[in-house]
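Those protein sequence lines, which keep their order, are chains A, B and C.
Residue 55 in my numbering sits at position 55 of the first sequence, with consecutive numbering throughout.
In my numbering, each residue carries its 1-based index in the second sequence increased by 290.
In my numbering, each residue carries its 1-based index in the third sequence increased by 580.
Virtual Cβ for every residue (Gly too), placed ideally from N, Cα, C.
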Amino acid sequence: MTYLNEHYPNYGPSSWPNPYQPTYTPSYPLSPWYQDEDSSYRAKEQPLTFVLVHGAWADTSFWAGIASELSKKGHTVYVPEFPGHGADPNKNVTHAMMSKSIADFIISHNLHNVVLVAHSFGGTLIQKVAELVPDRLKRLVFLNAFVLKDGGMAADEFPPQATEQFKQLVASSKNNTLMLPFELFRETFTNLGTLEQAKRIYSKVSPEPAGPLFEKLDLKKFYSLPIPKSYIHITEDNVIPFGDPNYGWHPHMSSRLGIFRFLQVHGDHMTTPQYEPKLIAAKIYEASRD
Amino acid sequence: MTYLNEHYPNYGPSSWPNPYQPTYTPSYPLSPWYQDEDSSYRAKEQPLTFVLVHGAWADTSFWAGIASELSKKGHTVYVPEFPGHGADPNKNVTHAMMSKSIADFIISHNLHNVVLVAHSFGGTLIQKVAELVPDRLKRLVFLNAFVLKDGGMAADEFPPQATEQFKQLVASSKNNTLMLPFELFRETFTNLGTLEQAKRIYSKVSPEPAGPLFEKLDLKKFYSLPIPKSYIHITEDNVIPFGDPNYGWHPHMSSRLGIFRFLQVHGDHMTTPQYEPKLIAAKIYEASRD
Amino acid sequence: MTYLNEHYPNYGPSSWPNPYQPTYTPSYPLSPWYQDEDSSYRAKEQPLTFVLVHGAWADTSFWAGIASELSKKGHTVYVPEFPGHGADPNKNVTHAMMSKSIADFIISHNLHNVVLVAHSFGGTLIQKVAELVPDRLKRLVFLNAFVLKDGGMAADEFPPQATEQFKQLVASSKNNTLMLPFELFRETFTNLGTLEQAKRIYSKVSPEPAGPLFEKLDLKKFYSLPIPKSYIHITEDNVIPFGDPNYGWHPHMSSRLGIFRFLQVHGDHMTTPQYEPKLIAAKIYEASRD
């Protein structure tokens, strides 16, 4: 019986407690003392240390299923929350505050040889985390995550019409946050899910701090780092509108990584990672092993 | 025992009777009185009303397998034939005649909350049907179907070389129709099928009225309608030649829909819908549910 | 019991003997006298004659698993080695020497109605073989294989940065060969494999003669030949960097074939063909049957 199973017998995204803690202690203490009875099964995978970084309109619960699957295979998994998200009431945050909090988390827990995995907007965070703690990282894994060019910002990666819509939504928020209407979210973030799944995921969405989406990032150091990189392309992800070759997860953003390990898997942006965690966890492992 | 099974024990595309009737009565009377013994199974899907619109070089038998699978799940399914197709000997038809006949079918059967599904050239028809009966439609679903721009025509969506070949074939027809040579059809419409499957599908192909393929459509109203839309991309469909980003089902034509629900499935243009109907019917349901 | 099973009970890429012979006798004598006990099973596939042409950084062992699977289904399979590869110590070869040796192999074994299959660089070879022995070929099948334009060279199909890296590696070789560093090979040729699989495949890699990669080919005759063609796209192949629409297996190179039969399958460039041979052999058959 694993730690996870003991404490979360009704495991699932909705029963997953919010692991956010202001001091950024490890969210998933599935640490070196973690033991699985079926060690022969575990032995099949090279044990890795994962730090999973969620994206916008999400909190650490996004990773709950995937973290559980990875830990079942014997991996050590951390899911840090970062400022402006989870239980943090302060939405007035900067990109640097968020990336620094993740780097601090890695340092304070004395993690080394980390596989740093990002989903969606989290990609922009791990680009900066890599600049802050390069020597502690074994590999970066992007799961339909943003890879910004030097000087770019997340908002650049949406076509002008979508960015314009975002700006209007931000203007209507009064606190510089961006909330997505359910109709849009259902069709583009959860397009493969049932209505029930889409609603359950949407019920956990908080308004996203808008500032960091419009911050230009200096990424010169990132593009000089020799850290190995992987990109997992989820093929039915409809968050970035299709149709213009100058936009999109893959190959538009993935190709900025230069030499990288490429993987592909069916799914949409939000439903598949949360409702088919075994599938995505397996891909993350394939993307991460030596 | 369902209506379908009683009447078509040897169900299959080749044994399927031609449901074309000049008065456009419902082809598949699997209507509200339809009952399935396994109601608990049916309960899993939200019951929907589908109207399925076939494409060029096809008749209602194209949908036979998919209609059967959808009706097994408790949905109400109609497959109207339209002028110039099926048993209609008159090939001298216009695009407006075809789209009006489908709108008339929906009105005369007093259908509401319709999921209007199109394959291939049928996409151009449901764009116009949506303009004619917008209040009766719940959603439009395009299955590797044309989405024309305002003022566009179907022939525009093929590269110049292909269009030129089409024009030569039309010129050689003497009655302004377009018939595809088997060799071309086998390699591009039925590329995943066996030779036997390709021949069986081809045996049902009639020369297509050429006029509507070259008609420019005013679609201003279509692009102002707020009807939800889905696009199902069949990934090995080779009907529109690959290689030029200005052509193709997805993302070139799909992206014209703006915000839409995206799904993807393996298959080719003609064989997979007819020989893997359960697979495609499941995708159509996923594309159509709330 | 088949010939293969008798002689290679521990069949696998590593136990596969090098079938290279300077006189180019058939590597796989699974010829007309080949008999399988389960003839009813075999009867399901139309018996075909395959000649399989490997690519760069490979030898005939690349095809071992696929050749075995095809022969189990009753097909006749030949895997010729060509100059500069396998046991040939002479790396000072030309493109014409390689393509001529394959054409000579087909002639000397009196093969007709051949399905000529190529992987990777082998695509450039079968383009020229088709010019040499067009009347002996039933179909050309490209499995993530180069399709060069008239006057093109293989090196053109890589973005300038990659070509530059290749040139530096050639310059450092002292004998005009090109050897890939393991790190690059692992991430881009074997991205889906385990480290063990990647190492096992890499252990068989010899430096590739660089001359033919930079030879411009006159392909006017190729583009006038009416031989049917198929392209099998392996979707996670990362050998040609993604991101520029002017590069890539599909649709960039595949579309040069004009009308062709298109198929798609998951996999990477080197691991999947060697470790999932049943999957790839099935696709090759689908690409090749009438």
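For residue i, three-class secondary structure by DSSP
{"i": "R476/B", "result": "helix"}
{"i": "H267/B", "result": "An answer regarding residue 267/B cannot be provided, because it is not within the stretch 291 to 580 covered by chain B."}
{"i": "V819/C", "result": "coil"}
{"i": "Y582/B", "result": "This structure cannot speak to residue 582/B, because chain B is shown only from 291 to 580."}
{"i": "I814/C", "result": "strand"}
{"i": "P245/A", "result": "coil"}
{"i": "R551/B", "result": "strand"}
{"i": "T484/B", "result": "coil"}
{"i": "V53/A", "result": "strand"}
{"i": "V713/C", "result": "coil"}
{"i": "L799/C", "result": "coil"}
{"i": "L415/B", "result": "helix"}
{"i": "L691/C", "result": "coil"}
{"i": "L338/B", "result": "coil"}
{"i": "L279/B", "result": "In the structure displayed, chain B extends from 291 to 580; residue 279/B sits before or after that span and is not available."}
{"i": "L178/A", "result": "strand"}
{"i": "H665/C", "result": "coil"}
{"i": "H846/C", "result": "coil"}
{"i": "A58/A", "result": "coil"}
C-beta neighbour in chain C for residue i, strict 8 angstroms
{"i": "L263/A", "result": "yes"}
{"i": "S254/A", "result": "yes"}
Contact with chain A by residue i, beta-carbon distance below 8 angstroms
{"i": "F550/B", "result": "yes"}
{"i": "P424/B", "result": "no"}
{"i": "E576/B", "result": "yes"}
{"i": "R429/B", "result": "no"}
Neighbour flag for residue i against chain B, beta carbons, 8 angstroms
{"i": "D870/C", "result": "yes"}
{"i": "L195/A", "result": "yes"}
{"i": "E625/C", "result": "no"}
Heavy atom of the ligand SAH within 7 angstroms of residue i beta-carbon
{"i": "G55/A", "result": "Ligands displayed in this structure: none; no statement on the ligand SAH is therefore possible."}
Rounded Cβ spacing between residue i and residue j (contact assumed at less than 8 angstroms)
{"i": "Y521/B", "j": "F550/B", "result": "5 angstroms"}
{"i": "I814/C", "j": "N724/C", "result": "5 angstroms"}
{"i": "G55/A", "j": "H119/A", "result": "5 angstroms"}
{"i": "D508/B", "j": "D440/B", "result": "7 angstroms"}
{"i": "Q777/C", "j": "F642/C", "result": "Actually they do not touch by this definition, with Cβ atoms about 13 angstroms apart."}
{"i": "G654/C", "j": "P627/C", "result": "5 angstroms"}
{"i": "L805/C", "j": "A710/C", "result": "6 angstroms"}
{"i": "L632/C", "j": "V659/C", "result": "5 angstroms"}
{"i": "A571/B", "j": "L553/B", "result": "Not a contact, Cβ separation roughly 13 angstroms."}
{"i": "P541/B", "j": "F146/A", "result": "With a Cβ gap of about 19 angstroms, P541/B and F146/A do not count as contacting."}
{"i": "P212/A", "j": "L178/A", "result": "So it is not a contact: roughly 10 angstroms between Cβ atoms."}
Enclosing alpha helix (DSSP H) for residue i [first to last residue]
{"i": "Q748/C", "result": "P740 to A751"}
{"i": "F395/B", "result": "H385 to S398"}
{"i": "Q274/A", "result": "T271 to Y275"}
{"i": "I517/B", "result": "No alpha helix (DSSP H) holds I517/B; DSSP gives it neither H nor E."}
{"i": "G791/C", "result": "Per DSSP, G791/C belongs to no alpha helix (DSSP H) and is neither H nor E."}
{"i": "E69/A", "result": "A64 to K72"}
Start-to-end residues for the beta strand (DSSP E) that takes in residue i
{"i": "T76/A", "result": "T76 to Y78"}
{"i": "K718/C", "result": "L717 to A725"}
Inset, instruction - Name, going along the chain, the residues of the segment 806-831 of chain C whose beta-carbon falls closer than 8 angstroms to a beta-carbon of chain A. - result: T815, E816, N818, P821, F822, G823, D824 and P825
Legend entry - Proximal residues, the segment 751-772 of chain C versus chain A, C-beta separation under 9 angstroms: Listed by position, the residues of the segment 751-772 of chain C near chain A (Cβ gap below 9 angstroms) are E763, L764, R766, E767, T768, N771 and L772.
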